[in-house]
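So the protein sequences, as listed, match chains A and B. Counted the way our numbering counts, the first sequence spans residues 1 to 113. Counted the way our numbering counts, the second sequence spans residues 114 to 230.
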Amino acid sequence: SQQGEEDPQALSIQEGENATMNCSYKTSINNLQWYRQNSGRGLVHLILIRSNEREKHSGRLRVTLDTSKKSSSLLITASRAADTASYFCATASFYNQGGKLIFGQGTELSVKP
Amino acid sequence: DVKVTQSSRYLVKRTGEKVFLECVQDMDHENMFWYRQDPGLGLRLIYFSYDVKMKEKGDIPEGYSVSREKKERFSLILESASTNQTSMYLCASSLLRQQFANTGELFFGEGSRLTVL
């Protein structure tokens with residue numbers, strides 16, 4: 001069962017621009033996480049935001065969470081070619097998902113130099 | 114840094130063969146997971162384990178089994194490989210943090226790309 005859905009599926013921008021990716025989900029959650037995956041590699045955890053938090057920052061990353069709209073966004077500021085990767089949101093819900101993390105299908109980001 | 118190591122990056126097997134995918138983590142994590150990743154389907158949980166000798170079915174356990182004899186090692190077994198099991202397999206681990214502990218951040222291995230001919 002897919003919980004998170006990312007939008008857009010693919011995004012192409014120029015170096016220096018900001019990249020925004022969105023994630024929507026269906027049921028209430030305890031936390032939402034964002035991961036990054038370089039082509040052919042494993043996923044790397046970027047940031048976790050709890051259901052009682054609205055915004056979180058980590059370096060050039062900014063994550064927001066709107067539980068009333070059941071949505072989250074990941075903003076990468078001043079993007080670099082090295083940010084080219086797929087980005088996944090994953091939701092965690094103790095009660096609706098048996099505590100499992102459910103991943104979305106990802107946004108493929110391409111940053112052109 | 115947490116390191117999750119998957120034994121093989123690339124494997125090619127024949128239909129009907131028994132396949133072992135090994136995963137080892139070095140940070141004393143209680144929870145370990147096996148996912149498969151396919152284009153258009155995202156990551157799907159096959160099995161997970163929150164303790165030695167414990168295992169829980171994920172969303173797509175059919176055709177797979179797992180073994181966790183030691184805390185640091187979690188093996189995925191394909192008893193009789195089929196072509197529809199051609200996929201990228203990802204192992205992950207996480208700390209035990211709370212009752213429903215498999216909701217903290219996951220640390221992934223580099224993946225094992227399996228092709229079944």
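Ideal placement from N, C-alpha and C gives every residue a C-beta, glycine not left out. Remember, it's a predicted structure, so these values are computed and weren't measured experimentally.
Selection A:Leu61, A:Lys26, A:Lys56, A:Cys89 evaluated against Pro8 (chain A) yields A:Cys89 as nearest (Cα-Cα).
Distances from the CA of Leu203 (chain B) to each of B:Glu223, B:Glu192, B:Asn197, B:Glu218 were compared; the closest alpha carbon is that of B:Glu223. From the listed residues A:Glu17, A:Arg60, A:Gly16, A:Thr84, the smallest Cα separation to Ile47 (chain A) is found for A:Arg60. Chain B places no beta carbon closer than 7 Å to that of Gly16 (chain A), leaving this residue out of the contacts. The beta carbon of Leu203 (chain B) sits closer than 7 Å to some beta carbon of chain A. C-alpha of Gln37 (chain A) to C-alpha of Ser86 (chain A): approximately 5 Å in a straight line. Remark: C-beta atoms of Leu158 (chain B) and Gly171 (chain B) approach each other more closely than 7 Å.
The beta carbon of Phe161 (chain B) is closer than 8 Å to those of Asn144, Met145, Phe146, Trp147, Lys168, Glu169, Gly171, Asn215 in its chain, skipping five residues each way along the sequence. Rounded to the nearest angstrom, the gap between the Cα atoms of Ser28 (chain A) and Glu175 (chain B) is 28 Å.
Residue environment: Ser225 (chain B) is assigned as buried (16 or more neighbouring CB atoms within 10 Å of its CB, all protein chains considered). Against chain A, the beta carbon of Phe187 (chain B) has no neighbour under 7 Å; the closest one sits roughly 15 Å away.
Less than 7 Å separates the beta-carbon of Ser206 (chain B) from that of His142 (chain B). Judged by DSSP secondary structure, Arg60 (chain A) falls outside any beta strand (DSSP E); it is assigned neither H nor E.
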